[in-house]
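J.:
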Amino acid sequence: MCEQTQKKKVLSCIQPSGIPTLGNYLGALKNWVNMQEEYDCTFAVADLHAITVRQEPAKLRQQIYSMYALFLALGLDPEKSTLFIQSQVPAHSQLAWILSCYTQFGELSRMTQFKDKSARHADNINAGLFAYPALMAADILLYQPDFVPVGHDQKQHLEITRDIATRFNNLYGDVFTVPEPLIGKGGARVMSLADPTKKMSKSDENPNGYISLLDTKEDIIRKFKRAVTDSDAKICVAEGKHGINNLIDIYSVVMGISADETVKKFEGCGYGEFKLSVGEAVADCLSPVRERYNEYISDKKKLEDLSKMGAEKAYYASRKTMSKVMKKVGFVL
Ligand code: TYM
Numbered sequence: 056m057c058e059q060t061q062k063k064k065v066l067s068c069i070q071p072s073g074i075p076t077l078g079n080y081l082g083a084l085k086n087w088v089n090m091q092e093e094y095d096c097t098f099a100v101a102d103l104h105a106i107t108v109r110q111e112p113a114k115l116r117q118q119i120y121s122m123y124a125l126f127l128a129l130g131l132d133p134e135k136s137t138l139f140i141q142s143q144v145p146a147h148s149q150l151a152w153i154l155s156c157y158t159q160f161g162e163l164s165r166m167t168q169f170k171d172k173s174a175r176h177a178d179n180i181n182a183g184l185f186a187y188p189a190l191m192a193a194d195i196l197l198y199q200p201d202f203v204p205v206g207h208d209q210k211q212h213l214e215i216t217r218d219i220a221t222r223f224n225n226l227y228g229d230v231f232t233v234p235e236p237l238i239g240k241g242g243a244r245v246m247s248l249a250d251p252t253k254k255m256s257k258s259d260e261n262p263n264g265y266i267s268l269l270d271t272k273e274d275i276i277r278k279f280k281r282a283v284t285d286s287d288a289k290i291c292v293a294e295g296k297h298g299i300n301n302l303i304d305i306y307s308v309v310m311g312i313s314a315d316e317t318v319k320k321f322e323g324c325g326y327g328e329f330k331l332s333v334g335e336a337v338a339d340c341l342s343p344v345r346e347r348y349n350e351y352i353s354d355k356k357k358l359e360d361l362s363k364m365g366a367e368k369a370y371y372a373s374r375k376t377m378s379k380v381m382k383k384v385g386f387v388l
């Protein structure tokens, strides 16, 4: 057997709903880059998911390419991994429909992301927003991955994916690999800098709450300097110290050290000095990404070619699962 087929499979996706945040990076993208050597990886820009909330077409198109350019800038390698745009592989929509017929109304109603998003977009609670987890299950199960690296907020969607896969397998035999979520110890829940009880999100109305991967060094440092903390002035991990806990987590993951080492390093320092160090560490880590991004985004032809190549690889990888599912369900091939 050749080495390639022995590798375990990994799959993950990200929505192109704006420039990713430091949360997306530390919770997901950074881990994806590190997994490329050891695993057979498939990563996608989940644009079908993005239209569950209203998008402006020209802006969406630009954001899709922008996310693909960021994949490359972060070090995802189209030769080693399959990097593609979800809507360019029709099997995702096809399998999503089939799986939605094996997903219960009650299960979907319990999804916290559905509840949050329908509260935020009360004028557009569409069927796609509700059925979103069936599409996400399709994204995953099509490629039979062993692991799905995600941040903490996607845990519930991974659980429903496993339930759908198990239900389908119980009916039709072993069609799907039931995947394991991979949720990092550090960085899986990066919190807002403006309100550290809330997750850092690119849809935050307050831009001081999140670091965008393309923010300038000055912006990054300014946002960290303003980060909300507490009046205790002691740098340690403790219950209720949401702001400081978040900064310790961010610094540790960016520097590749443990939270204990971070606490030791800043023993006796004031919050001001600590915030500045976290800001500088993040800015130093992201500035080469921003530079490479600027090169990739200006070469549209390259982005088109690479994403088409990725879609072709994804199509071939998904064909076997798709035809197996069609046969099992009783469709005519
Ligand atoms: P999305 O686009 O919201 O986020 C992409 C990834 O970033 C992680 N993440 C975070 N991690 C830590 N701290 C944060 N503050 C933070 N914010 C976001 C998310 O957990 C995710 O891993 N439905 C998915 C996209 C998707 C997908 C899939 C993921 C579609 N199909 C198949 C895995 C497998 C989403 O909206 O992620």
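Letter by letter, the sequence shown follows residues 56 to 388 in this note's numbering. A virtual CB, placed ideally from N, CA and C, is assigned to each residue, including glycine.
Bridge partners for Lys254 per DSSP, in chain order?
T.: Met246
J.: Please report the distance separating the alpha-carbon of Ile215 from that of Glu322.
T.: 43 Å
J.: What are the boundary residues of the alpha helix (DSSP H) that Lys368 is part of?
T.: 355–384
J.: So what does DSSP say about Ile140, is it helix, strand or coil?
T.: It is a strand residue.
J.: Would you say Asn261 and Ser247 are within 9 Å of each other, going by their C-beta atoms?
T.: yes
J.: Do Phe202 and Pro251 count as a contact pair if the criterion is CB distance below 9 Å?
T.: no
J.: Per DSSP, what kind of secondary structure is Phe231 in: helix, strand or coil?
T.: In the structure shown, Phe231 adopts coil according to DSSP, grouped into three states.
J.: Ordered along the chain, which non-local residues of its own chain (more than five positions away) have a Cβ less than 8 Å from that of Lys280?
T.: Gly327, Lys330, Leu331, Gly334
J.: Which same chain residues, not among the five before or five after Val308, have their C-beta less than 8 Å away from its C-beta?
T.: Leu81, Lys85, Gly239, Gly241, Gly242
J.: Would you grab the beta carbon distance between Ala101 and Gln70 for me? Rounded to a whole angstrom, and I think it's under 8 Å.
T.: Yes, they are in contact, since the Cβ atoms of Ala101 and Gln70 sit about 5 Å apart, within 8 Å.
J.: Could you tell me which whole alpha helix (DSSP H) segments of length 4 or greater appear in the stretch 144–196?
T.: 146–155, 160–164, 167–175, 182–196
J.: Just reading off the beta strand (DSSP E) that Leu269 is part of, what are its end residues?
T.: Premise fails: Leu269 is in no beta strand (DSSP E) and is neither H nor E.
J.: Mapping the DSSP letters down to three states, classify Asp102 as helix, strand or coil.
T.: helix
J.: Compare the Cα-Cα distances from Ile303 to each of Gly295, Glu294, Val318 and report the closest residue.
T.: Val318
J.: Tell me, to the nearest whole angstrom, how far the beta carbon of Gln91 is from that of Ser121; I am working on the premise that it is less than 8 Å.
T.: Not confirmed; about 21 Å, so no contact.
J.: Assuming Leu213 and Val205 make a contact with CB atoms under 8 Å, what is their CB distance in whole Å?
T.: 6 Å
J.: Is any heavy atom of the ligand TYM found at a distance shorter than 8 Å from the C-beta of Leu154?
T.: no
J.: Determine, using beta-carbon pairs with one atom in the stretch 335–342 and one in the stretch 267–283, whether at least three such pairs fall under 8 Å.
T.: yes
J.: Could you check how far apart the C-beta atoms of Arg217 and Val233 are, in whole angstroms? I think they sit under 8 Å.
T.: 5 Å
J.: For the stretch 295–302 against the stretch 103–110, are there 3 or more C-beta pairs whose distance is under 8 Å?
T.: Touching, no.
J.: Which stretch, first to last residue, makes up the beta strand (DSSP E) that contains Lys64?
T.: Residues 64–69.
J.: Between Thr97, Ser155, Met166, which lies nearest to Pro133 when the distance is taken from Cα to Cα?
T.: Thr97
J.: Evaluate Cys57 with the Cβ neighbour count: other Cβ atoms within 10 Å of its Cβ, from every protein chain shown; 16 or more gives buried, anything less gives exposed.
T.: Below a pLDDT of 50, predicted positions are generally treated as unreliable, and Cys57, at 49, falls in that range; no measurement from the model is reported.
J.: Go ahead and label Asn179 buried or exposed: buried means 16 or more other beta carbons lie within 10 angstroms of its beta carbon, across all protein chains shown.
T.: exposed
J.: Report the option in Ser173, Ser142, Ala182, Gln143 whose CA atom is closest to the CA atom of Phe160.
T.: Answer by Cα proximity: Ala182.
J.: Per DSSP, Val203 is paired with what?
T.: Pro236
J.: Where does the unbroken alpha helix (DSSP H) through Cys340 begin, and where does it stop?
T.: 326–352
J.: Can you look up Cys57 in the DSSP assignment and give me helix, strand or coil?
T.: Note that Cys57 has pLDDT 49, beneath the 50 cutoff, so the model's placement of it is unreliable and the number below is only indicative. Looking at Cys57 - three-state DSSP - the assignment turns out to be coil, as it is neither helix nor strand.
J.: Can you list, in chain order, the residues of its chain whose CB lies under 7 Å from that of Lys289, leaving out five sequence neighbours each side?
T.: Apart from sequence neighbours up to five positions away, no residue of its chain approaches Lys289 with a beta-carbon distance below 7 Å.
J.: Just to confirm the assignment, what range does the alpha helix (DSSP H) spanning Asn261 have?
T.: Run containing Asn261: none; DSSP gives neither H nor E here.
J.: Taking the straight line between their C-alpha atoms, what separation do you get for Ala83 and Arg175?
T.: 24 Å
J.: Going by alpha carbons, who is nearest to Met377 out of Val65, Ala146, Cys68?
T.: Ala146
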